[in-house]
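Peer 1: Can you keep this structure in mind? I'll have questions shortly.
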């Protein structure tokens, strides 16, 4: 091919790429403006960032959908996995959290909490201890098109998961192989080789769309104490500490070498509903309502600011606004989401 011919082909490729980028952006803007809930703009893909530097349009697809960070070699071409993990002393130590892309802490019965960890860029050979699912997990995993992985679940919950079209793997449904930790007793002894489980799937599934809106422009925020707590109930408060570079959980059930240490702690104030059944001890099981909107408290870089979260339905991604409904994008990096109940939950600095 001659030099002139090669230049023409390159120019056409650039024009095609620009046209496609414009089409994606236009489609996202139309979607963001529809509906009654005042949703901010929804970008089809996050702008990948590395050390705070924006990349050009050619790299838009090369960003981790859970962190917004640049992935120079391209994102993995497989589904994401959301694994339910015990979050009490009975299930300690937790395994695999250090390799998670994003972690969620949700309220369960008895005022306790459970971890829901997204794995995508890395698939650990040891994750646990794996516990049962709740209806809250449907709205968490649905936007990703990924697979929900748990030790089991109440029949009512499993029926709702299937009705929502969510891929589900568990011991109860017979499509998940878990091993037993000899040092623990049931039901706190289940461990998962996530790499082997993913390799055994008949199809790798599809790569997820961006889970959170990432980009520049977030307010600097105001200074806050290095140590703070996130309260879920009278019996459960998760302790946090800013180290100067990351957030850590003092008293975490994971060893420091294998813990999830986020760049951002995102506290979403959410309504709680009755899931419609009770646990074996007779406690009513709550469901976190993840549709609509509510207050969001964002901790990043040792500072904090307040915004509002929005989610149109179970399959829709989270969006955020600040001030007079101005779209908000979060700083790129690992995020820990705390789903606290409206009223009784929140951030405590004393």
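Residue numbers (mature numbering (1 follows the signal peptide of the UniProt record, and there is no 0)): -31 to -1, 1 to 319. All C-beta atoms in this analysis are idealised placements derived from N, C-alpha and C, irrespective of residue type, glycine included. Treat the numbers as computed from the prediction; the structure is a model and nothing was measured.
Hey, residue 127 and residue 103 are a contact pair by Cβ (cut 8 Å); roughly how many whole angstroms apart?
Peer 2: Actually they are not in contact, since the Cβ atoms of residue 127 and residue 103 sit about 11 Å apart, beyond 8 Å.
Peer 1: Nearest to residue 276 by CA position, among 205, 189, 227, is which residue?
Peer 2: Residue 276 has its Cα closest to that of 189, out of 205, 189, 227.
Peer 1: Hey, could you find the ends of the alpha helix (DSSP H) residue 105 is sitting in?
Peer 2: 105 to 110
Peer 1: Among 123, 49, 105, 63, which has the Cα closest to the Cα of residue 88?
Peer 2: Of the listed residues, the one whose Cα sits closest to residue 88 is 49.
Peer 1: Please state the DSSP three-state secondary structure of residue 129.
Peer 2: DSSP places residue 129 in helix when its eight states are reduced to three.
Peer 1: Would you mind stating whether residue 215 and residue 228 have Cβ atoms separated by less than 8 Å?
Peer 2: Not in contact: residue 215 and residue 228 (Cβ atoms no closer than 8 Å).
Peer 1: Can you name, in chain order, every residue of its own chain whose Cβ lies under 6 Å from the Cβ of residue 300, other than the five neighbours on each side?
Peer 2: 187, 269
Peer 1: Give the DSSP bridge partners of residue 263, in chain order.
Peer 2: 278, per the DSSP bridge assignment.
Peer 1: On a CA-only basis, which of 244, 197, 59, 177 is nearest residue 113? Give me that one, please.
Peer 2: 177
Peer 1: Indicate the three-state DSSP secondary structure (helix, strand or coil) for residue 207 in the structure shown.
Peer 2: strand
Peer 1: Pull up the distance between the alpha-carbon of residue 116 and that of residue 53, whole angstroms please.
Peer 2: 11 Å
Peer 1: Of the choices 109, 195, 94, 168, whose alpha-carbon is the least far from that of residue 148?
Peer 2: 94
Peer 1: Since residue 255 and residue 243 should fall inside the 8 Å C-beta cutoff, what is the C-beta to C-beta distance between them, to a whole number of angstroms?
Peer 2: 7 Å
Peer 1: What would DSSP say about residue 185, mapped onto helix, strand or coil?
Peer 2: coil
Peer 1: Based on Cα-Cα distance, which residue from 145, 174, 67 lies nearest to residue 101?
Peer 2: 145
Peer 1: Excluding the 5 residues preceding and the 5 following residue 180 in the sequence, name in chain order all residues of the same chain whose CB lies nearer than 8 Å to its CB.
Peer 2: 34, 35, 71, 87, 112, 113, 286, 287
Peer 1: Assuming residue 53 is part of the beta strand (DSSP E), what are its boundary residues?
Peer 2: 50 to 54
Peer 1: Report yes if the CB atom of residue 306 is closer than 8 Å to the CB atom of residue 235, and no otherwise.
Peer 2: yes
Peer 1: Run the CB neighbour count on residue -6, radius 10 Å, all protein chains shown included, and call it buried at 16 or more, exposed below.
Peer 2: The predicted model places residue -6 with a pLDDT of 37, which falls under 50 and marks its position as unreliable; any figure quoted below should be read in that light. Its Cβ having fewer than 16 others within 10 Å, residue -6 is exposed.
Peer 1: Mapping the DSSP letters down to three states, classify residue 238 as helix, strand or coil.
Peer 2: In the three-state reduction of the DSSP assignment, residue 238 falls in the strand class.
Peer 1: Starting from residue 138 and walking both ways along the beta strand (DSSP E), at which residues does that stretch end?
Peer 2: 136 to 138
Peer 1: Going straight from the alpha carbon of residue 259 to that of residue 226, what length do you get?
Peer 2: One C-alpha to the other measures close to 32 Å.
Peer 1: Step through the CB atoms of chain C and report whether any lies within less than 8 Å of the CB of residue 190.
Peer 2: The chain labelled as chain C is not found in the depicted structure, where only one protein chain is given.
Peer 1: Taking the C-alpha atoms as reference points, what is the distance between residue -4 and residue 109?
Peer 2: With a pLDDT of 36 at residue -4, under the threshold of 50, the predicted position of this residue should be treated as unreliable, and no value is reported.
Peer 1: Is residue 11 helix, strand or coil by DSSP?
Peer 2: Any reading at residue 11 needs caution, since the residue's pLDDT is 44, under 50, leaving its predicted position unreliable; the model's value is listed next. Of the three classes helix, strand and coil, the one that applies to residue 11 here is coil, per DSSP.
Peer 1: Exposed or buried, residue 318, counting other C-beta atoms within 10 Å across all chains shown (16 or more means buried)?
Peer 2: Counting the other CB atoms within 10 Å of its CB gives residue 318 a total below 16, which places it among the exposed residues.
Peer 1: Roughly how many whole angstroms lie between the Cα atoms of residue 252 and residue 135?
Peer 2: 26 Å
Peer 1: Quick check on the burial criterion: 16 or more other C-beta atoms within 10 angstroms. Buried or exposed for residue 221?
Peer 2: Around the beta carbon of residue 221, a 10 Å sphere encloses 16 or more other beta carbons of the protein chains shown; the residue is thus reported as buried.
Peer 1: Find the nearest neighbour of residue 279 within the set 272, 271, 273, 297, judged by alpha-carbon distance.
Peer 2: 297
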